Structures are given as structure tokens and as C-alpha cells.
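In what follows, a single structure is set out as C-alpha cells and then discussed.
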Amino acid sequence: MRTPSQLVSIPPAQTRFLEDDEVAEEDERWTDLQIAAKDGDLAKVEQLISDGADINAPPSGYYGNTALQAACLFGHEDVAKWLIEHGADVNASGGNNGCRTALQQACTAGVRSLVTLLIKNGAEVNAPAGRYDGCTALQAAAAEGHIEIVRLLLDGGADVNAKPAKTAGETALVGATSTNDVQIVELLLKHGADVNVPAIRHKGKTALQAAALKGNIDMVNKLIDAGADVNQQGASFKGGTALHAAAEKGHVDIVKRLLEAGADIDAGSGWRNQSALQSAGICGQDAVVDVLVKAGASGDAVGGVILFG
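Here full-length UniProt numbering is used: position 4 in the sequence shown is 4, and no number is missing along the way.
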């Protein structure tokens with residue numbers, strides 16, 4: 001068993017489905033080479049390969065990485081370059097849940113020169129998003145706010161509307177909207193991003209719902225102008241329209257803007273057929289309740305549940 005100092009530090013965003021004991025188990029599954037690559041210890045990487053370590057040992061565990069993927073995730077370009085030169089597979093699949101390729105990890109890390117290195121060595125720009133919370137390279141770069149990498153990928157043929165991971169994935173546009181990155185949103189829209197991609201079934205949301213949750217009125221206006229459906233439902237698990245999202249978070253200006261744009265004030269959502277008025281009520285958003293009632297909302301403000309969290 002490795003000592004605490006030898007355990008792998010897995011990024012929190014990649015362990016969202018794991019319990020504490022599963023994270024500990026995950027730590028134990030990485031090879032010494034994968035750990036050395038993650039640590040950026042080139043001398044140790046060279047020594048372990050010299051001693052016979054498998055440079056392409058597959059990832060193990062829920063969120064495992066090959067040595068190259070580990071080096072890319074933590075931005076160690078020198079280690080990645082050495083591994084590629086010595087036969088590392090640039091398109092190997094990642095661990096069971098994250099399933100992120102080396103390029104997808106590099107896009108998460110935001111190291112443009114590393115992304116360029118991988119593409120020049122055959123990395124697949126449009127490798128699909130792995131299950132659960134995987135992502136394409138473009139989705140990773142957009143969600144992390146790396147606009148120069150987004151430009152690089154788009155210029156290299158990245159699919160702006162690639163299908164997201166089936167459980168907790170997001171399109172590139174939803175990812176950028178969720179982080180309030182107006183520049184990336186504008187760039188993606190310019191390249192044909194679909195503003196009305198349906199929300200992923202488990203915890204997904206549309207771009208407009210993401211903007212409504214963030215309270216960014218300029219982003220909401222931009223998406224509406226681009227043709228966003230103001231009445232589109234959210235994830236089938238709980239549902240919710242953009243109006244529900246804005247009501248839940250208390251964004252009065254966005255509630256008013258959505259109503260102006262044709263949002264159905266009494267639209268029901270989820271298995272409870274919950275109204276936006278109920279969403280506002282359960283979250284104590286009295287100002288929104290007042291706006292909705294004055295605008296003609298029917299029913300009352302009790303009996304709702306939190307849809308977006």
C-alpha cells in the first residue's frame with residue numbers, strides 16, 4: 001500500500017460520482033509510471049520505462065489515466081513529449097467514468113502548446129465524450145474558459161455541436177454559458193453552435209437555462225437573439241424551463257425578459273408539473289413571486305421542490 005504522500009490527487013471535478021472510500025481505492029490503482037507522469041517527474045518516468053514499465057498501461061479504476069493522460073491533465077509538457085516520442089498512444093481511452101483522452105485532458109489543463117503537440121502527433125480532435133462526465137476536447141476547453149484553445153480546435157475541425165456525455169455532460173455552448181464566458185459563447189455561436197440542444201437527462205440544462213441560473217441578462221439576450229427556445233424543458237430527471245431557473249435563483253430582470261420573449265408563465269415541469277411560481281416560492285424568492293402573480297400566474301407559490309439546485 002502506498003504511503004499518503006504517494007497517493008494520487010484526482011481533480012475534484014473528476015470524482016463527482018465517488019464516495020470517500022472509493023476515492024481512496026482509486027488512489028491505489030495507479031501504476032508507479034502513471035504517478036510519476038502525473039507528478040511531472042521526467043527522470044523517474046525514464047527510469048521506470050528503462051526498467052520495463054509498460055508505457056501504455058491502461059487506466060484502472062473509475063477515473064484512471066494512462067501515463068500520457070496523467071501528464072497532460074497536470075500540464076507536464078516535457079513528460080508528455082517524451083512519452084509520445086517513446087510510443088505512448090495519444091488516443092487511448094481514459095478510465096471507466098471520465099474516459100478522457102490525452103487531448104481532452106490537455107484541453108482541461110489549458111496548455112495550448114501541449115494541445116498543439118498532441119494534435120501534431122495524431123490526437124483525434126473529435127474523439128467522443130466518454131460516459132458519465134466525459135467531454136470532447138472542445139467541450140473541455142470551453143468549460144474551462146480557454147479561448148485560444150477553443151479557437152485552435154475550431155480551426156482544426158472540432159465539432160461545435162458534438163454530443164455530450166450521457167449522464168452529466170454539456171455541449172461546448174452550455175459549458176461556456178455556465179461559466180459566464182461571453183467571448184467563448186460568441187465564438188461558438190459564430191461557428192454554428194446549436195442553442196437548443198436538449199438537456200442531458202440526469203443533471204443537464206440548456207444554454208438558456210444555464211444563463212438564467214447565472215443571472216447574466218446580457219447572455220440571456222444574446223441566446224434569445226440567436227433563437228433559443230424560452231420554453232424548452234430541462235433534464236428529464238427533474239425538468240425546469242429557463243423561467244423556472246430564473247425564478248428559483250431570484251433573477252427578477254431575467255424573469256421579466258423571458259416573459260417578454262414569450263415564456264409560458266404557467267408551464268409545468270417535472271413529475272410534479274411544477275410551475276415557475278412554485279419554484280420561486282420554495283426558494284423564498286418573494287420579489288419573483290410578486291412579478292409572476294402580477295403577470296397573471298395561476299395557482300399558488302407552495303408545494304414546489306428545487307429543480308436546479
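Even glycine gets a Cβ: it sits at the ideal position worked out from N, Cα and C.
Source: prediction; values computed, not measured.
Please classify Q232: does DSSP put it in a helix, a strand, or coil?
Position 232 of the sequence shown, counting from 1, holds the residue named residue 232. Here Q232 sits in coil by DSSP.
Is it the case that the segment 268–285 contacts the segment 210–217, given that we only count it when at least three CB pairs across the two stretches are under 8 angstroms?
no
Can you look up S279 in the DSSP assignment and give me helix, strand or coil?
Residue 279 sits at position 279 when you count from the first residue of the sequence shown. The answer is helix: DSSP assigns S279 an H, G or I state.
Length at least 4, wholly inside the segment 72–112: the alpha helix (DSSP H) runs in chain order
77–85, 102–109
Report, in whole angstroms, the separation of the C-beta atoms of E124 and N91, which I expect to be a contact under 8 angstroms.
Position 124 of the sequence shown, counting from 1, holds the residue named residue 124. Position 91 of the sequence shown, counting from 1, holds the residue named residue 91. Sure, about 5 angstroms apart at Cβ, within 8 angstroms.
Three-pair Cβ contact test at 8 angstroms for the segment 240–251 versus the segment 203–213
yes
Bridge-paired residues (DSSP) for S269:
Taking the first residue of the sequence shown as 1, we reach residue 269 at position 269. DSSP, once it has assigned bridges, lists Q274 as partnering S269.
Quick one: what does DSSP say D218 is sitting in, helix, strand or coil?
As a working mapping, residue 218 is identified with position 218 in the sequence shown. DSSP places D218 in helix when its eight states are reduced to three.
Can you tell me the Cβ-Cβ gap for A165 and R201, rounded? I've got them flagged as a contact below 8 angstroms.
Position 165 of the sequence shown, counted from the first residue, corresponds to residue 165. Position 201 of the sequence shown, counted from the first residue, corresponds to residue 201. Actually they do not touch by this definition, with Cβ atoms about 11 angstroms apart.
CA-to-CA distance, G122 to A67, given in whole angstroms
By one-based count along the sequence shown, residue 67 stands at place 67. By one-based count along the sequence shown, residue 122 stands at place 122. Looking at the two C-alpha atoms, the distance is approximately 17 angstroms.
Are A142 and G192 closer than 8 angstroms when you measure CB to CB?
Against the sequence shown, residue 142 aligns to sequence position 142. Against the sequence shown, residue 192 aligns to sequence position 192. Not closer than 8 angstroms, so no.
D51 versus E148: straight-line alpha-carbon distance, rounded:
Within the sequence shown, residue 51 is the residue found at index 51, counting from 1. Within the sequence shown, residue 148 is the residue found at index 148, counting from 1. So the alpha carbons of these two residues sit roughly 39 angstroms apart.
Can Q69 and Q105 be called in contact, C-beta distance under 8 angstroms?
Within the sequence shown, the letter at position 69 stands for residue 69. Within the sequence shown, the letter at position 105 stands for residue 105. Yes; because the gap between Cβ atoms is below 8 angstroms, this pair is in contact.
Suppose you measure from the CA of C99 to the CA of A287; what does that come to, to the nearest Å?
On the sequence shown, position 99 is the one that residue 99 refers to. On the sequence shown, position 287 is the one that residue 287 refers to. Straight-line Cα distance between these residues: approximately 44 angstroms.
With a Cβ-Cβ cutoff of 8 angstroms, do G87 and D133 count as a contact?
By one-based count along the sequence shown, residue 87 stands at place 87. By one-based count along the sequence shown, residue 133 stands at place 133. Not a contact, by the Cβ cut-off of 8 angstroms.
Do you know offhand how far Q183's Cα is from A158's?
Residue mapping note: residue 183 aligns to position 183 of the sequence shown, counting from 1. Residue mapping note: residue 158 aligns to position 158 of the sequence shown, counting from 1. Approximately 18 angstroms, taken between the alpha carbons.
Using a Cβ-Cβ cut-off of 7 angstroms (strictly less than) and excluding sequence neighbours within five positions of T108, which residues of its own chain qualify?
Residue numbering aside, residue 108 sits at position 108 when the sequence shown is read from its first letter. Same-chain partners within the cutoff: L73, A140, E144.
What residue range does the alpha helix (DSSP H) around I49 cover?
Mapped onto the sequence shown, residue 49 falls at position 49. Segment 42–50, the alpha helix (DSSP H) holding I49.
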